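**Student:** The structure's right below; bear with me while I get my questions together.
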Amino acid sequence: MFPKKYRLTKKEDFDRIYKNSYTYNLNYFRISILKNNLDKNRFCVVVSKKVSPLATDRNRIKRRLRYALFSNQAIFPTNIDLLIMVTNRNILNTKSADLQAEFLFLSKKLKNRS
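Just so you know, we're using the numbering used here here: the sequence shown kicks off at 1 and counts up by one.
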């Protein structure tokens, strides 16, 4: 798990991201990205009950995504807030390599954008 300084925790931050961010739809999740004025990146993973009604499954999805984020943290540009919303129920059956590939694909999109 990321230390608290690298997590999005306040409602104001979420509202700001929902209103002003760029959104990318990938195979298993939707990512909203917004630049911040801090010297660090902040992350959040959201899994709704529509994806899985079981809390154990939702927590497992969040753990896997946080691990993939932590492993690929260096590929993202600095000073961004990143909100990941899981949209596909099949993410439970996905291999970790596929999740890593999704983040690599996203980083290439971000580099082309800036």
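Backbone N, C-alpha and C define an ideal beta-carbon position, used for all residues, glycine too.
All figures in this text were calculated on a predicted structure; none of them were measured in a lab.
Please classify residue 146: does DSSP put it in a helix, a strand, or coil?
**Tutor:** The displayed coordinates of the chain run from 1 to 114. Any statement about residue 146 would go beyond what the structure contains.
**Student:** In the DSSP assignment, the beta strand (DSSP E) including residue 29 goes from what residue to what residue?
**Tutor:** To locate residue 29, count along the sequence shown from 1; it is residue 29. Residue 29 -> beta strand (DSSP E) spans 29-35.
**Student:** Here's the rule I'm using: 16 or more other beta-carbon atoms within 10 Å means buried, otherwise exposed. How should residue 113 be labelled?
**Tutor:** Taking the first residue of the sequence shown as 1, we reach residue 113 at position 113. That one is exposed.
**Student:** Quick one: is residue 54 buried, meaning 16 or more other Cβ sit within 10 Å of its Cβ, or exposed?
**Tutor:** Locating residue 54 in the sequence shown gives position 54, where the first residue counts as 1. So residue 54 ends up on the exposed side.
**Student:** Assuming residue 66 and residue 45 form a contact by the criterion Cβ under 8 Å, report the distance between their Cβ atoms to the nearest whole angstrom.
**Tutor:** Numbered from 1 along the sequence shown, position 66 holds the residue referred to as residue 66. Numbered from 1 along the sequence shown, position 45 holds the residue referred to as residue 45. Confirmed, about 6 Å.
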